[in-house]
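**Q** Per the numbering used here, residue 1032 is the first one in the sequence shown, and the count goes up by one each step.
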Amino acid sequence: AVRAMGGSDKPWSSASMNYRAWDFVNMQPNAEGVIEPEAAGAFAWILYHAYKETGNPEYLKGAEWSLEFLNQLSSNPSYELQLPYGAYIAAKMNAELGTDYDMEKIASWPFNRGPLRGWGTIVGNWGGFDVSGLVGEANDNGNDYAFILNGFQQAGALAPMVRYDKRFARAIAKWILNLANASRLFYSGFLLPAYQDGSSWSQANDPQRLVAHEAMRETYNGLSPYATGDALNGGWGNTNLALYGSSSVGYLGAIIEKTNVDKILKIDLLKTDFFGDEAYPTYLFFNPYSLEKVVELNVGPEPVDVYESLSESFIATGASNTVELAIPANEALMVVLTPTGAEVQYDRNKMLADGVVVDYRQSSQPFQYAPRIQALAVESQEVEFGSSATIYGTVFDQDSDDLMYSWSSNGGTIQGQGATVIWEAPDTEGTFEIILTVSDEQLNSDTDTLRLSVIPEINLAPQIVELVKSQNYLTPGETLELFCNAFDANGDTISYSWSADAGAFTGEGNQVAWQSPLTEGIFNIGVEARDEQGASSTVTTPILVKVFTVVDTGHLIAYYPFTQNADDVSGNALHGQPFGAQLTEDANGHPFSAYFFDGINDNIRVANNNILNFKDAITVSCWFEPRLLPEREVFVASHGSWQNRWKISITPERHIRWTVNSSAGPIGDLDSRLAVEVDSSYHIGATYDGQWMALYINGELHSYRPMAGDIRSSPVDMMIAQMLPDNPDFNFRGVIDEVKIFDFALTPGEMKEVYEEGLVSAISLPNRQEGAPALKLSPNPASTELFVQYPAMNEKRAFFLLYNVSGQLLWQREMDVPAGNSDTSISIDVSGLPGGLYFLGMRSNASFLLGKFVKR
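Pasting the structure below:
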């Protein structure tokens, strides 16, 4: 994953982690919402410990790429709890490897208020209670919001950090003391019942008061502080007393212990130093008093020597049982219990006793760091006869820039010098070693070896260019034609192997037929292309097997043709109110027939209404043409967005995203495979029928996924080109037209008709004259009889054509038309039509006239 984020050793470059989340299945980022680059610290924590456990250097590279990204940030990325683990692992790698991450910056970030939701460590007094040390949304001028989990986890991460960088011993010890004191306020019993919302629940279900509140607000309804949480307001719990936060008290409980002096804690620096090397017992103390205090430490019955790391001295030798430690006023003490008489050695920054590190930042013995080869890499481990390969060496030395590179090999020829060279392969098959030795001016050195195989020809796996399906969906028992377009760069013969979750294949080779099973669902069809030497590639494609049923009882809820205004012509009067949006040409060149939005604050707002909050099924369709696609999500249309109901948006990766919030949960996202382009026009159709979400692009079923539950209602207005009524941060820049909303899911056939024929008002019908007058239809809306008024004409008969809202021709009739010198009218019976929007065309030899009406 870190390589997919940009981490590389060919040549060396750090990863990019400015994302909200990462999709490990598809190796794609999610940059929506508040980004969490602090996750780089958690990545490094996992990968470095994986390296220590397995010895695999790839894990070490990933850890370094992650921390290098974190180290180069100039703004505090702190949010929630991953950054403290980054601070810990940065100190550990500095101490063990000789890296040089900026610990003064990184270690301060979890405490300083950052720009991401104001996260940081709180300092202050709430309602007479000292709350210094708590972690959460901090320093918000009277609106702080602390969370119990984050303080406990931060202590678990930063206590062991002190072993590796003792410069922070006093600060961390003092903070842990404050945290331990203030964290009691999350538990029932330490605040009056009126100042906590879980008191009654705790008394009834948790008499020992072991479960704490999730969070604590500085003020709530005039009360300060107030123990609470998010579960009750969010609707996902019956109480704000939370196991997920309270359970982490084990971290704090493991590392702190009372001493004989009140307010002085013994902090165990090994308990949460997971995957640590062998170490002697190590404890940290802080004296908050203005006078020296003496703390008693039980060192056990066996004699030990007591080393104090901050002064770098042994303060007791041959001690057993109880040792008295004098701690100066407002200072810290960090002691290590070593075997009595252990041999002391020094290895650069490390001081050891009998081979075990006691002090990772010793300063009593001068030293110089040696260079360290971070990577010796090549694009391919195989090289053909007589060809060449670029060898990339990456070296770090924190106290020397004057490095000497020495390259050698047991075959072939090396061209160049420095960190990157070219190796010319011999015309001999075999395995060859390329050796790099790097030295500094004091002759400290490091060596690494790269092994390459030289072969007559590199066999490349067949490449599958395309897996072609004869259709995008099919019914149970229907047959699908499949074609695999593949080629082999070596000219090898390709064999094909087909597979599927269900169903049966007929045929062989690169063209087969698949008969779908008799059950509905999404089935995966795969093909493997394999050459004569066993190299292969595989492609899988999903196929939807489903019977789409035409719905006869659904309704057009809203239709915005954007012809000179943003009115709804469905008959439901759900008119839009443009804000800043400008009328422009539509896709057919008709003026004042679409809206342009500036992407800043332009929108069209539709007042919320019960009729918009139907719940069983939905179709939303429109045309849009993006004029700008920034590196953030933009919203084409939204009714309450993902938080409340539905939305159509474009992701930072330029994929169309259809989102439905259902009562069954979780929220459903469906993305297009297609990446949209600027200045290109698209017709999008998005449906949900209570079982399936579907996305159509330009009339074709494009993607789909299962989904269940009623569509949730939205408490806010519907927006076009904007996410929510009061949030223009994700506005769309471009043209939007022909927005339609149905309370049922259109079938693929119906959606194709909408795309191909378009709404009648937007297409150029045969023989229609530009600027021709429109038919005058009344009453409008009509219930039983529709009067058609038309201009004077010479013909005695004309054809009348009735279209539905999708542009489908419902009937065509030839009728007598009385002639006259002024507008004349006839009547048409519409009593048998279902309610909805219709278009009536009148075709004569001379013209084609069009009008629209609503049937009640």
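For every residue, glycine included, the Cβ atom is placed at its ideal position computed from N, Cα and C.
(1) Here's the rule I'm using: 16 or more other beta-carbon atoms within 10 Å means buried, otherwise exposed. How should Y1719 be labelled?
(2) If you follow the beta strand (DSSP E) that F1831 is in, where does it begin and where does it stop?
(3) Determine the burial state of Q1113: buried for a count of at least 16 other Cβ atoms within 10 Å of its Cβ, exposed for fewer.
(4) In the DSSP assignment, find the alpha helix (DSSP H) that holds T1085 and state where it starts and stops.
(5) For W1267, name the three-state secondary structure that DSSP assigns.
(6) Can you round the beta-carbon distance between V1578 and F1554 to whole angstroms, since I take them to be within the 8 Å contact cut?
(7) Between the alpha carbons of A1126 and A1258, how many angstroms are there, rounded?
(8) Let me make sure I understand the geometry here. Which of L1832, A1638, G1155 and P1822 has the alpha-carbon closest to that of P1849?
(9) For V1496 and T1572, I'd like the C-alpha separation in whole angstroms.
(10) Are the region 1636-1647 and the region 1705-1714 in contact at 8 Å, needing three or more beta carbon pairs?
(11) Under three-state DSSP, which class holds F1183?
(12) State the CB to CB distance for the pair S1109 and G1151, rounded to an integer number of angstroms; the pair is presumed to be in contact (CB under 8 Å).
(13) Do S1045 and E1099 have their C-beta atoms within less than 8 Å of each other?
(14) For the beta strand (DSSP E) that contains K1771, what are its first and last residues?
(15) Which stretch, first to last residue, makes up the alpha helix (DSSP H) that contains M1724?
(16) Starting from the C-beta of T1580, find all residues in its chain whose C-beta is less than 8 Å away, skip the five residues before and the five after it, and write them out in chain order.
(17) Quick one: residues in its chain with C-beta nearer than 6 Å to the C-beta of V1452, no 5 flanking neighbours on either side, listed in chain order?
(18) Work out the CA separation of I1207 and W1157 for me, nearest whole Å.
(19) Relative to the C-alpha of G1534, which candidate in R1379, Q1546, G1349 and N1541 has its C-alpha closest?
(20) Using a Cβ-Cβ cutoff of less than 7 Å, which residues in the same chain neighbour F1306 once the five nearest sequence positions on both sides are dropped?
(21) Per DSSP, K1324 is paired with what?
(22) Using the Cβ count rule (16 or more neighbours within 10 Å means buried), how would you classify I1172?
(23) Count the other CB atoms, across all protein chains shown, that sit within 10 Å of the CB of Y1391; report buried if there are 16 or more and exposed otherwise.
(24) Our contact map puts G1671 next to F1763 with C-beta atoms below 8 Å; I'd like the distance itself, whole angstroms only.
(25) Report all residues from its chain with a CB closer than 7 Å to the CB of F1655; omit the five preceding and five following residues, and keep chain order.
(26) Check the C-beta distance from P1493 over to I1465 and give it rounded, since I have them as a contact under 8 Å.
(27) For I1077 and D1304, I'd like the C-alpha separation in whole angstroms.
(28) Identify, in the order they occur along the chain, each residue of the same chain with its Cβ nearer than 7 Å to the Cβ of P1332, setting aside the five sequence neighbours on each side.
(29) Using 8 Å as the cut-off, can you tell me whether the region 1311-1318 makes contact with the region 1353-1367, which would need three or more C-beta pairs spanning the two stretches below that distance?
(30) Using the Cβ count rule (16 or more neighbours within 10 Å means buried), how would you classify D1336?
(31) Can you give me the C-alpha to C-alpha distance between P1068 and Y1050, rounded to a whole angstrom?
(32) Quick one: grab the DSSP three-state call for N1174.
(33) By the three-class DSSP mapping on this structure, what secondary structure does A1126 have?
(34) Pull up the DSSP beta-bridge partners for A1401, would you.
(35) Where does M1192 sit, in a helix, a strand or coil, going by DSSP?
(36) If contacts are defined as beta-carbon pairs under 8 Å, then P1402 and D1479 qualify, I think. What distance do you get, rounded to the angstrom?
**A** So, from the data block:
(1) Walking along the sequence shown from the start, residue 1719 turns up at place 688. Under a 10 Å Cβ-count criterion, Y1719 is classified as buried, with 16 or more other Cβ atoms of the shown protein chains found around its own Cβ.
(2) Locating residue 1831 in the sequence shown gives position 800, counting from the first residue. Segment R1828 to Y1834, the beta strand (DSSP E) holding F1831.
(3) Within the sequence shown, numbered from 1, the residue matching residue 1113 stands at position 82. Counting Cβ neighbours within 10 Å, Q1113 comes out buried, since at least 16 surround it.
(4) For this step, residue 1085 is matched to residue 54 along the sequence shown. Residues A1070 to T1085.
(5) As a first step, residue 1267 is located in the sequence shown; it is residue number 236 there, counting from the start. Coil, per DSSP.
(6) As a working mapping, residue 1578 is identified with position 547 in the sequence shown. As a working mapping, residue 1554 is identified with position 523 in the sequence shown. At roughly 15 Å, the Cβ-Cβ gap does not stay under 8 Å, so V1578 and F1554 are not in contact.
(7) In the sequence shown, residue 1126 corresponds to position 95, counting from 1. In the sequence shown, residue 1258 corresponds to position 227, counting from 1. Cα to Cα, the separation comes out at about 40 Å.
(8) Translated into positions along the sequence shown, residue 1849 becomes position 818. That would be P1822, whose Cα lies nearest to the Cα of P1849.
(9) Here residue 1496 refers to the residue found at position 465 of the sequence shown. Here residue 1572 refers to the residue found at position 541 of the sequence shown. For the pair V1496 and T1572, the Cα-to-Cα distance works out to about 13 Å.
(10) Touching, no, given that fewer than three Cβ pairs across the two stretches are closer than 8 Å.
(11) Residue numbering aside, residue 1183 sits at position 152 when the sequence shown is read from its first letter. It is helical.
(12) In the sequence shown, counting from the first residue as 1, residue 1109 sits at position 78. In the sequence shown, counting from the first residue as 1, residue 1151 sits at position 120. Their Cβ separation, rounded to whole angstroms, is 6 Å, which keeps S1109 and G1151 in contact under 8 Å.
(13) The sequence position of residue 1045 within the sequence shown is 14, counting from 1. The sequence position of residue 1099 within the sequence shown is 68, counting from 1. In contact: S1045 and E1099 (Cβ atoms closer than 8 Å).
(14) For the purposes of this step, residue 1771 is taken as the residue at position 740 of the sequence shown. In the DSSP assignment, K1771 falls within the unbroken beta strand (DSSP E) covering R1764 to F1773.
(15) For the purposes of this step, residue 1724 is identified with residue 693 of the sequence shown, where counting begins at 1. Per DSSP, M1724 is not a residue of any alpha helix (DSSP H); the beta strand (DSSP E) it occupies stretches across W1723 to I1728.
(16) The residue labelled residue 1580 in the question sits at position 549 within the sequence shown. Closer than 8 Å at Cβ, skipping near neighbours: T1778.
(17) Working through the sequence shown from its first residue, we reach residue 1452 at position 421. Taken in chain order, the residues that qualify are I1422, W1438 and I1445.
(18) The residue given as residue 1157 occupies position 126 in the sequence shown. The residue given as residue 1207 occupies position 176 in the sequence shown. Cα-Cα distance, rounded: 19 Å.
(19) The count along the sequence shown starts at 1 and reaches residue 1534 at position 503. Out of R1379, Q1546, G1349 and N1541, the CA that lies nearest to the CA of G1534 is found in Q1546.
(20) The residue given as residue 1306 occupies position 275 in the sequence shown. A distance below 7 Å between beta-carbons, with the five flanking residues on each side excluded, links F1306 to the following residues of its chain, in chain order: H1080, K1083 and E1084.
(21) Taking the sequence shown and counting its residues from 1, one reaches residue 1324 at position 293. Answer is I1358.
(22) By 1-based counting over the sequence shown, the position of residue 1172 is 141. The sequence given here has Asn at residue 1172, not Ile. Answer is exposed; the Cβ neighbour count stays below 16.
(23) The residue labelled residue 1391 in the question sits at position 360 within the sequence shown. Classification of Y1391: buried, given that the 10 Å Cβ count is 16 or more.
(24) Residue numbering aside, residue 1671 sits at position 640 when the sequence shown is read from its first letter. Residue numbering aside, residue 1763 sits at position 732 when the sequence shown is read from its first letter. About 17 Å separates the CB atoms of G1671 and F1763; that is not less than 8 Å, and the two are not in contact.
(25) Position 624 of the sequence shown holds residue 1655. Only V1667, Y1713, I1715, G1765, V1766 and I1767 meet the Cβ criterion.
(26) As a first step, residue 1493 must be located in the sequence shown, where it is residue number 462. As a first step, residue 1465 must be located in the sequence shown, where it is residue number 434. The C-beta distance from P1493 to I1465 rounds to 31 Å, too long to meet the 8 Å contact threshold.
(27) The residue given as residue 1077 occupies position 46 in the sequence shown. The residue given as residue 1304 occupies position 273 in the sequence shown. If I take the Cα positions, the gap works out to 13 Å.
(28) For the purposes of this step, residue 1332 is identified with residue 301 of the sequence shown, where counting begins at 1. Within the same chain, and ignoring the five residues on either side of P1332 in sequence, the residues whose Cβ sits closer than 7 Å to its Cβ are S1351 and N1352.
(29) In short, these stretches touch, since the Cβ pair count reaches three.
(30) Along the sequence shown, read from residue 1 onward, the residue named residue 1336 stands at position 305. Under the 10 Å beta carbon count, D1336 is surrounded by 16 or more other beta carbons and is classified as buried.
(31) If you number the sequence shown from 1, residue 1068 lands on position 37. If you number the sequence shown from 1, residue 1050 lands on position 19. If you draw a straight line from the Cα of P1068 to the Cα of Y1050, it comes to about 6 Å.
(32) Sequence index remark: in the sequence shown, residue 1174 carries index 143 (1-based). Collapsing the DSSP output to three states places N1174 in coil.
(33) Walking along the sequence shown from the start, residue 1126 turns up at place 95. Of the three classes helix, strand and coil, the one that applies to A1126 here is helix, per DSSP.
(34) As a position in the sequence shown, residue 1401 is number 370, starting the count at 1. For A1401, which the question treats as bridged, DSSP gives no partner whatsoever.
(35) One-based indexing of the sequence shown puts residue 1192 at position 161. Helix.
(36) The residue you call residue 1402 lines up with position 371 of the sequence shown. The residue you call residue 1479 lines up with position 448 of the sequence shown. Going by Cβ atoms, the distance from P1402 to D1479 rounds to 11 Å, so no, they are not a contact pair.
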